[in-house]
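Residue numbers (my numbering): 50 to 767.
We put the beta carbon where it would ideally sit given N, CA and C, even for glycine.
Scroll down for the structure; my scribbles are underneath it.
Here's what the structure looks like:
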């Protein structure tokens, strides 16, 4: 469809061929694709034209005067139409197509449709008229020459024989004639599976070996049938023909194998060989192929049981034994028995797992399995005892078997009934005879077979209360009389005898406490406290005299105590020289001297920092009218007299100090102080000649002390 315009010419009647006329071209491609000769009007194409790019061009031609450029004729429009030639080959959309078709499809079954396109003009000639043909894939497939539909051409194509096919399809233009252009594509066709093949056993006899100790539900072997189909068409189901008591077979959905499992325990000693038939079939069937074919197969399975050394086997599991609670220690309880199931029948010994009998209540004979008691049993402590008995092969201690033994302790009537609860019973003072004051019941830890039956009794001679048995294991306490009084008796103790009806009969006496209370007219309790009795005219003269004497004695004791306290207050501060107090001490030597070093620690007086600065005087009530003043510490090596003088001046100038003589207690005086006690009791010095005249110079506060010591001075006495 490509062409060259070389002889196309425009001519005007105004052109005299004298060169006075000029041709001008305008429009699509003018000046680039199409050129015109100004003198002759010949039109030339500058390159090859492609119809598939543009099929028609519209141009405008003018005829001008070469000198004046005036139009000699009106503008003329003309079209250049490109005629098609077969220069484009057919093309498929894909180089490779994928398609599937079921196996065993009938001839003519559509597989896929592939089409090609041709860029040439379909309306002009045969350049775009395509014809399809198959170049590769015969005789299995064919193609429709007009529409490119691929169909099966061979019956009975089996996927199990060949699954994949490569088909080459050609599309040729010019209606397939010689000289036409063509294009090809490849179609990959896969046959999909259908269930046209039944399962088959490659071997119709299988032999399986199983040990007799295999647990129930355990697998002992696998068998497999072959099915060339795939997917669900190859799914199989295995079963035992007619079923079996010992074995079963299930299908492994992953591997499509038949798994043989145990339904019941195997026993080599009882039976060693088994044989059964297994059937296999497809779970999904295709109705098109079931005619004439049997989609199942059969095989024979033989199972051989192998012997193993088995542990002992008890005759029962578990054991339930009953024993009475009054059974003495060493009594027979029961017997357990086990045997070796192997053909050798090896001897077995018995033992009790002591973790299940921590109290060691039972024992077992290791040879014959007889269980006896080691201690007396009490059903009220424990109704059941659960122990484990172990049977062990003597020749192979690793072969052991446990069995639970449940020992039920039977009841014996060895407990007396008693009150079911603690009763708070009261009787009103204004109660009448025959009135109910309490309903009592009883409990018994025993459990008789026919149920409890209690009998309640009290003393028949009780003048205050009586009891009525209600025949339902309860009883009513009734008043025998009326007119109870708290003055006479505020509380009654009523013994109640409770008996059971089992053998041997057990009874107990429980005491019911009955309080006498004041009640209102409706019988509601108001007060149960004993009433305070006033004096009455009925008191005897002796009783009045006794009460009066007690009062007089109490008064005398009070008066005597008061007199003694008053006498103590009038005693002088120091009665005699022998009356020495820890807080007031007489010294015969001035300042104590070196002989009094054991009475106190002189270092403490020289280091008053050890004192509590906030200690207050204990002989007066402090009035904090002025702030507390802390004295400056005494310098080292200061004499005690200077220390005391300093303290004296501070107290004289202290407005808070009392203006009277008093005894002051210092914090560092006594056993708790570093200076220890200032008492002369511990001093080894004897009384000597001391001058106490300086005490009179210490002011009024030490006047009393000066009188005491200056008056006792030896010089004064002489």
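Given a cut-off of 8 Å, decide if residue j and residue i are closer than it, judged by their beta-carbon atoms.
i	j	result
residue 401	residue 372	no
residue 362	residue 392	no
residue 216	residue 190	yes
residue 299	residue 311	no
residue 565	residue 527	no
residue 378	residue 405	no
residue 145	residue 237	yes
residue 490	residue 522	yes
residue 233	residue 197	no
residue 200	residue 160	yes
residue 77	residue 70	no
residue 335	residue 244	yes
residue 398	residue 441	yes
residue 419	residue 381	yes
residue 210	residue 242	no
residue 591	residue 477	no
residue 518	residue 533	no
residue 264	residue 316	no
residue 222	residue 167	yes
residue 374	residue 426	yes
residue 313	residue 301	no
residue 357	residue 272	no
residue 153	residue 205	yes
residue 59	residue 110	yes
Taking buried to mean at least 16 other C-beta atoms within 10 Å of its own C-beta, is residue i buried or exposed?
i	result
residue 465	buried
residue 142	exposed
residue 353	exposed
residue 749	exposed
residue 430	exposed
residue 758	buried
residue 389	buried
residue 67	exposed
residue 678	Note on residue 678: pLDDT 46, under 50, position unreliable in the model; the coordinate value appears next. Exposed.
residue 583	Unreliable placement is indicated for residue 583, whose pLDDT of 46 sits below 50; the coordinate value is still reported in the next sentence. Per the 10 Å Cβ criterion, exposed.
residue 132	exposed
residue 408	exposed
residue 296	buried
residue 562	exposed
residue 229	buried
residue 85	buried
residue 610	exposed
Taking the alpha-carbon of residue i as reference, which of the options has the nearest alpha-carbon?
i	options	result
residue 338	489, 406, 305, 247	247
residue 511	542, 72, 523, 228	542
residue 515	241, 534, 487	487
residue 468	429, 556, 170	556
residue 266	255, 460, 308, 281	308
residue 140	206, 549, 693, 177	177
residue 194	181, 504, 323	181
residue 254	100, 88, 348	348
residue 461	166, 494, 472, 471	494
residue 570	303, 322, 481, 327	481
residue 28	155, 219, 115, 567	Absent from the model: residue 28. The displayed extent of the chain is 50 to 767, so no value can be given.
residue 560	538, 472, 576	472
residue 376	743, 428, 281, 742	428
residue 118	93, 72, 149	72
residue 447	360, 157, 417	360
residue 463	445, 502, 554, 531	554
residue 128	137, 107, 148, 111	107
residue 89	285, 61, 740	61
residue 484	470, 531, 445, 459	531
residue 158	693, 492, 150	150
residue 275	287, 538, 611	287
Quick one: what's residue i bridged to in DSSP?
i	result
residue 493	Residue 493 pairs with nothing; no bridge assigned.
residue 373	459
residue 355	260
residue 60	Per DSSP, none; premise fails for residue 60.
residue 293	Note: residue 293 sits in no beta bridge, so no partner.
residue 384	419
residue 607	None; residue 607 has no bridge partner.
residue 143	Paired residues: none, contrary to the question.
residue 322	353
>> At 4 residues or longer, what runs of the alpha helix (DSSP H) sit wholly inside the segment 417 to 476?
In response: Segments of the alpha helix (DSSP H) lying fully in the segment 417 to 476: there are none.
> Which ranges does the beta strand (DSSP E) cover as unbroken runs of at least 3 residues, wholly within the segment 518 to 549, from first to last along the chain?
Replying inline: 523 to 528, 540 to 548
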